[in-house]
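Chains as they are written, first to last, in this note's numbering: chain A, 1 to 290; chain B, 291 to 594; chain C, 595 to 925; chain D, 926 to 1248. Where is the CB? At the ideal position from N, CA and C, for every residue including glycine. Notes follow the structure.
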Amino acid sequence: MSDKKTYVDRRLPTGDSLLKQLWQDPLGRAGFLGILFILLLALFAPIIARYDVAQINSKARLAAPSGTYWFGTDNFGRDIFSRIVYGAQVSLLVGVVSVSIAAGIGYLFGLAAGFFEGKVESTIMMLMDIIFAFPSILLALLIVAVLGTSIVNTMIAIGIVNIPVFARTVRASVKAVKGTDYIANARSVGLKNSVILFRHITPNSLAPFTVQATLALSSAILTEATMSFLGLGIQPPNPSWGSMLSEARTYMEMAPWMVVFPALFIIFTILSFNILGDALRDALDPKLKL
Amino acid sequence: MLIPILLGISIAIFLIMQLIPGDVVSGILGIEETPELRAMWEKKLGIDKPLVTQYFNWISGVVRGDFGESFRTGAKVFPEILWRFSISAELAILACIVAWIIAFPLGILSALKRNSFIDRIVRVAALLGVSVPGFAFATLLILFLALVFGYYPPIKYVSLMQNPLKNLEIMILPAIVLGSSMAGSVMRMTRSSMLEVLRQDFIKAVRAKGAPERITIMRHAFRNASIPIVTLVGMQIGILMGGTVVIEQIFSIPGLGQYLLTGIFQRDFPIVQGTVLFMATIYVIINLLVDILYTYIDPRITYS
Amino acid sequence: MGHLLEISNLKISTPRGKNLVPLLDKVSLNVPKGQCLGIVGESGCGKSITATSLLQQLPYPLRVTEGTTAFDSFQHGKVDLLTLPSKKMRNIRGREIAMIFQEPMTSLDPIFTIQQQMFEALQFHFPRMSHKEMLDKCLSMLVKVNIPRPEQTLSSYPHQLSGGQLQRIMIAIALMNDPRLLIADEPTTALDVTIQMQILDLMNELKESNDAAVLMITHDLGVIAETSQHVAVFYAGHIVEEAPVMELFHHPQHPYTKGLLKSISSLSGDSNLLYAIPGIVPPGGSWDAHCRFAARCEYASEKCLKDVPALTEVASGHLCRCFLHRQEVEA
Amino acid sequence: MNEYLLDVRNLKTYFPVKGGLLRRIIGHVHAVEDVSFRLKEKQVFALVGESGCGKSTTGKSILRLIDPTAGQVIFDGQDITQLSQEEVRKKRRDMQFIFQNPYASLNPRMNVWQLLSEPLKAHFSLSESELRDRVESMLDKIGFTKDQLQRYPHQFSGGQKQRISIARALITQPRFVVADEPVSALDVSIQAQILNLLVQLQQEMSLSMVFISHDLNVVRFISSQVAVMYLGSIMEMGATKQIYAHPRHPYSKALLGAVPSLDPAKKKKRKALGGEVPNPANPPTGCPFHPRCDRASELCRQQKPLLTQQGDRALACYHPLDN
C-alpha cells in the first residue's frame, strides 16, 4: 500500500465540451470538416449532380475532365462527377446502416456480457470469438455469396462482421467501469442496479464505443468499396466508388480520370473518418494521447 | 480454445451454406434438370439426409482432408487449396517482410523523435497506410507505372520453382501494396506502444544505470513494446487474408483468394466452403501461435 | 568540506500553449560529500523533477530553462550535469551518480531476470568483466542488501519478488559501482512501515560503509528525520527553508514548515482537533509575484502579498524565505 | 436494548484463486480469517495494519460490498449477512462507506448537485425543495458554497474531492460509516483538514465509525478503540491509548516502533522487524506472525493462538509482552 500516490485526473469531457475540444484540435477539425463535406455531398446529391447517373451518352464516351464534365465521363459516357456524388450517398448509407446494425447488436451483447458475467458472458463471448475468428472480409464475402448480391445484403454482411468488435469493446469498457471506485461508491450509497447501470456505467463506458463507431464507419466504407470492387457489393448501374474503380481498370490508360477520382474520394472519406476517430480517442482518453 | 473455436467455425460455415436461396441442385443442373438427375445429385451431395447427418458427413470428411469436389470440374478441392495456399503464403510472407521493414524502424524513430518533423511525416504516412484501400492503391500504382514508366506487371503466373526472379517480379508489386497497408497500423501501434513503454519507470532505471541508448531502446523498450504489437500482427493476418483476395484478383495471381472468388462467382459451393474453412483455420492457428509466442516474450504469462 | 554537487538557480518549465510555465523556480542547493541531503515537500512542489533533471531524465515535455550545476566527477572533473554531452552523462549514470525510484514494482524491466539486469549495471561501465566476476559481485551485493536467497533471486523475474525485495535489489544495483552520489526519489513511499524501516536502516548502514552522498527526496518528514543531515523544504516550486536537520525540527522558521510539523505532532497529542494549514497548494502556473504561501499563512501581512521574499540566512546555515523573523514568529 | 450498535462475529472472507488451463479454483486467499469485534454507538473503532492484512476487506464485508464467506454482522440487532440484496440496499441508508481515493471514487460525469442528491433520491422521496435544503445544509457542513454545485469533480483539488465524497456518504444521515483510508491519498498539509472535518461531523451527527488505516499516527488521533490486524486476523485489540502506550503483542510493538520519529535526536538504534508479510493464499501454520517473531516457540509454529481477553485488552499471542 502506498502512502500517497500521484493520482492523475482523468478529465472526461462531456457533451459540448467534447465537440469544442475536437474543434480546437486541428486534426479533429480536419476530420470533422471532411466528413461534413461528404455528408453534404450525399444529402444534396440530387441538387449537386449535373447529370443522370445512369444516362448513357455514346457521343461523350471517355471524355476528359472539362467544363461540361468536371471529372470526365466513363466508357458509357456517364458523368463521373455525378456518379461520385451519388456514390457518396451509397457509401455513407451502407456505412451508417451496417455500423448501426453492428453497434446496436454489439452494444447489447457487450453490455450483457460485461454486466452479468458468468455463463451469460462466456456464451456471448464464445459466439463473438467464432465470428471474430473469420477474417472479416472473408465472412462478408461468404455471406453475400450465399444471400446474393444486393445493397441490403451488403449492409447485413458488413453489419454482422462488425458485431464482435463492438461487443468486445463494450464488454471491456463496462467491466473496466464496473471495477472503478465510483461504481463501488454507487453501490455503497445504496443505488438500485438499474440506476447504476444506466446512470453510471453506461455514460462512462460510451467513450471507447464512440471511438469504435467512428473507426468502424471507416472500415465499413472500406469493406463496401472492396466488395463492390470485386463485383460482390453494390451492383451496376448503381454508382459505387468501388465498382466505378473496378470498371475503370480496363480503360485506365485512355481515361486515367476514371481511376483517379473514385480512388481519391474513397481515400478522402476513409481518411476523414480515421482522422476523426484518432482525434476522438485523444479527446476521450487523454492517457492515450501520446 | 482451439478445438471449440474450430468446431464453432465449421458449424457457422455449414449453417451459412444452408441459407443459399433456392436449391443447389437446380443451380448445378439449370435447364437440364430432370427428376432422375435431381435425385441422383441429391444422393450424391448427401442433401437427402437430415441436417445433423449432413454436417457430420461433411466434417468427418474435412478431418480426413476431404473437402469435397468442385461442382464444375469435379476435381478434389483440398489438393487445389493446398497448392494455392503455397502461393498465397508466399505473397503474405513477402507482404509481412515489406510491412515490418517499413514499420518497425519508422515506428520506433517516430516515438523517439516525438513531435519532430520526422514524426509528423511518419504519422501522416501511417494514417494514409491505414486509410488507403489496397485495391485503390494497387490500381493507382499500376496506373502510375504504366503512364510514367510504361511498365505493366506480368499477367502470367510463374512459380518460384520455375523461375525465382520472374516469380519475384510478379510478387513484388502485390507484396508492396499489401505490405504498405499493413505497415500503417503496425507503425501506429509501434509508435504508441513505444511511447507507452518509454515513460515507464524501468526505462528511467535502465538509463540511470548508464545504458547506451541503443540498449535502452532495442533491448528494453522495444522488447516490451512488442507485446501489444504481436497481438496486432496476429490479428492482421486476418486482414492480410482478406487483402490477398482482392490483390490476387488485381494482379492475376492464382492463390487461395482468387480460388475463393472463382468459387463465389461460379456458385461452386464446395470450393467456397472449403476455402473459407481452410483460411479461418489457418487464422485461428496463427493466433494460437501468437499466444504461445507471448510466453517467450513475457515471462509473466504462463500457459500451464 | 567541499561540495560534491552544487546546483545553482535551477529552473524547470513545461510548455503550455505558447508559454513556458515554471514548475521549479531558481533552486540552489549544495550536496556535501558523504552526507545525506533531504528534500521534503508535497506533490507538485518540484522535488522529483529536481532529481531527474540531474541525470538528464526529465519527462517529456519538461525542460531546464535556467541554471547550472557543478558536479565533482572523478572521470571528467568539474562538470555541469545539465549540459553534459550524452556520452559523458552515460559514464556518470550508474557509476558516479545512481538513482533509486519510488515504485520498486515497476522499476525493473519485467521481461529480464534479476541477474540480467544486475549484470547490465556492470557491463555498461566495465565491458571486459568476466561472467564469473560479475556473478560474484552481484551475489555479494545481494548479501549486502540482506536478500535471503541470493542465487535463487538472481534467476527470478521481477514479478516473482515482493516490493521490499525489489527495492533492495534496486539499492544493490545502485550501489554496485560505489557511486559518489545516490539519488533516492521517495524510496520507501510504496512500502509498508515495517519494510520502510528495513530499507531506511539498510540505506543508513550502506551510506556509512560506502561513503556516498545521498539526495533523499520524500514527502515524509519522518523519513527525513531518520536519514538526513541537512534538509531543504520545497513549497510550490522553490525552497522555503533550508537547515541542518536538528535545527529544522527543533527551530523551524518558515510558517509552512512550522505548520507541517505542528499538524503532524498534533496527531499524537490529546487535543480533539488537529492543527491544519488551511487552503491548498497553488499549482504551477498560478504563482503570482508574491509569497506563494501567503494565502495560507496566518502571519501574512500586506507586504507578503506584494513581494516575493528572498531566501535569507536567519541563523548559521539556516535559510528561510519569509519576511518575518525569528523573534516575531515565535508562536 | 443492545449495548453495541455493531457486533461482528467470526467474520471470514475468502477469495477464490483460479488457475490452470480450465481456470478452476485451486485455492483460497484467506483475506479475513475469523475476525470479531464490537462497536458502541458514537464510537470510533480503528482497524490498523499493513497492506494485505485484510483491514479493507473486513470493512467492505461488514457493509456487504463484498459478500463474506462466513460469520455474522449484527447491526442494530439485525444480521446483515442474512439480508437479501434489496434489503441490504435499503440498509445502506444507515450504513455508509467512505473510499480511499477521492480521485477515483466520484463519477467524473456528475456535478456536485447530482453527486449529493443521488443518495437522497435512492432512499427518500423528497420534494425538490426538501432535496435542495438537505444538499445545501450538507454543503455548508463541508465548507462549500452553493455556486460550487454545478461543478464537476475534476474542477476540485484532492482535498475538496474528499470533502464531496464524505458529504455523499453522510447525506442520508447514516448511523454508521466505514472510512477506508480516507486521507492516505492526500498531501500531508491537507490530511489534517480532512481528519478535522471527519471528527467534527462524527460528533455533530452522532456517527459510529470503523476507521481503516495503515497510518498509526492518524489512528491514534481519531479512534478510541483499535484492532491491530495481521494476515487476516486481529492480533491485539483494545483502547487506543493503552495499546499505543504499551503494546503487548510483538507485532503491535514492531509496527509502532517502525513509525519514523519526528525528532532526529531520538533516532535510536532500534531493530527493524525482519522478513516480510507471507502470502495470504498460503499462510503459515500456527500463528501467522511466527516467521517474523523473535519470541516464537514451537507452540506458535503449530497452533494458532486465539484472540482472548487478557486484562485491559484482547490478545492473540502465547507469549505477550509484559504490561
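Out of curiosity, what's the CA-to-CA distance linking residue i and residue j?
i                 : j                    : result
leucine 748(C)    : histidine 725(C)     : 13 Å
tyrosine 69(A)    : arginine 61(A)       : 11 Å
leucine 990(D)    : glutamine 1010(D)    : 10 Å
arginine 949(D)   : isoleucine 124(A)    : 20 Å
serine 1138(D)    : leucine 280(A)       : 40 Å
alanine 63(A)     : proline 423(B)       : 26 Å
valine 189(A)     : arginine 1018(D)     : 7 Å
asparagine 193(A) : leucine 222(A)       : 40 Å
glycine 106(A)    : phenylalanine 559(B) : 29 Å
isoleucine 460(B) : isoleucine 537(B)    : 12 Å
glycine 628(C)    : arginine 689(C)      : 16 Å
asparagine 204(A) : glutamine 1118(D)    : 31 Å
glycine 547(B)    : tryptophan 373(B)    : 12 Å
serine 1054(D)    : aspartate 1105(D)    : 33 Å
arginine 497(B)   : valine 817(C)        : 26 Å
alanine 806(C)    : valine 625(C)        : 11 Å
glycine 1007(D)   : asparagine 866(C)    : Rather than glycine, the amino acid found at residue 1007(D) in this sequence is glutamine. Roughly 38 Å between the two C-alpha positions.
aspartate 1112(D) : tyrosine 1028(D)     : 13 Å
alanine 113(A)    : serine 1222(D)       : 52 Å
alanine 778(C)    : alanine 768(C)       : 10 Å
Within 10 angstroms of its Cβ, does residue i collect 16 or more other Cβ (buried), or is it exposed?
i                    : result
histidine 813(C)     : buried
tyrosine 441(B)      : exposed
glutamate 224(A)     : buried
leucine 755(C)       : buried
phenylalanine 321(B) : Before going further, note that residue 321(B) is isoleucine rather than phenylalanine in the sequence given. With fewer than 16 Cβ atoms within 10 Å of its Cβ, isoleucine 321(B) is classed as exposed.
lysine 1046(D)       : exposed
Got a sec? Which residues, its chain only, sit under 6 Å from residue i by beta carbon, not counting five neighbours each side?
i                 : result
arginine 963(D)   : Tyr929, Asp932
methionine 128(A) : Pro164, Ala167
isoleucine 101(A) : Gly159
alanine 473(B)    : Ala389, Ile392, Ala393, Gly419
cysteine 891(C)   : Pro849
Within a Cβ cutoff of 7 Å, which residues of the same chain sit near residue i, ignoring the five residues on either side of it in sequence?
i              : result
proline 655(C) : Thr608, Pro609
Given residue i, which residues of its chain have a CB within under 8 Å of its CB, disregarding the five upstream and five downstream residues?
i                 : result
isoleucine 606(C) : Pro616, Leu617, Leu618, Gly640, Ile643, Thr644, Ser647, Leu652, Leu656, Arg657, Val658, Thr659
threonine 1165(D) : Ala971, Val1144, Arg1145, Ser1148, Ser1149, Gln1150, Val1151
isoleucine 708(C) : Leu702, Thr747, Leu748, Ser749, Ser750, Tyr751, Pro752, Leu755, Ile763
leucine 485(B)    : Ala401, Arg404
The segment 209-222 of chain A contacting the segment 176-191 of chain A, beta-carbon criterion three pairs below 8 Å: no
Residues of the segment 473-503 of chain B whose Cβ lies closer than 7 Å to any Cβ of chain C, in chain order: Arg489, Gln490, Asp491, Phe492, Lys494, Ala495, Val496, Arg497, Ala498, Lys499, Gly500, Ala501, Pro502
Any 3 or more C-beta pairs closer than 8 Å across the segment 649-656 of chain C and the segment 837-852 of chain C: Three or more Cβ pairs closer than 8 Å define a contact, and the segment 649-656 of chain C falls short of that threshold against the segment 837-852 of chain C.
Chain A contacts from the segment 1166-1178 of chain D (Cβ-Cβ distance under 8 Å): none
Contact the segment 664-680 of chain C vs the segment 463-476 of chain B: 3+ CB pairs below 8 Å: no
Positions along the segment 973-999 of chain D whose CB lies within less than 7 Å of some CB in chain C: Per Cβ criterion, the list reads Glu975, Ser976.
At least three beta-carbon pairs within less than 8 Å, the segment 260-280 of chain A to the segment 424-433 of chain B: When C-beta atoms of the segment 260-280 of chain A are compared with those of the segment 424-433 of chain B, three or more pairs fall below 8 Å, so the two segments count as touching.
Segment contact flag, the segment 541-557 of chain B with the segment 370-383 of chain B, C-beta cutoff 8 Å, min 3 pairs: yes
Inter-stretch contact (C-beta, 8 Å, three-pair minimum) for the segment 1200-1218 of chain D and the segment 793-800 of chain C: no
Residues of the segment 195-222 of chain A with Cβ closer than 9 Å to any Cβ of chain D, in chain order: Val195, Arg199, His200, Pro203, Asn204
contact_flag[the segment 656-670 of chain C, the segment 707-719 of chain C] where n(CB pairs < 8 Å) is 3 or more: no
Segment contact flag, the segment 753-767 of chain C with the segment 693-701 of chain C, C-beta cutoff 8 Å, min 3 pairs: yes
Contact list for the segment 1053-1082 of chain D against chain C, Cβ threshold 7 Å: Hits within the stretch, in order: Ser1082.
Sufficient close CB pairs (3 or more, under 8 Å) joining the segment 446-456 of chain B to the segment 512-525 of chain B: no
Selection of the segment 166-197 of chain A by Cβ proximity to chain D, strictly under 9 Å: Thr180, Asp181, Tyr182, Ile183, Ala184, Asn185, Ala186, Arg187, Ser188, Val189, Gly190, Leu191, Lys192, Asn193, Val195
Where the segment 565-588 of chain B meets chain A: residues whose CB sits under 7 Å from a CB there: Val566, Met569, Ala570, Tyr573, Val574
Residues within the segment 1025-1036 of chain D neighbouring chain A, beta-carbon criterion of under 9 Å: Gln1025, Asn1026, Pro1027, Tyr1028, Ala1029, Ser1030, Leu1031, Asn1032, Pro1033, Arg1034, Met1035
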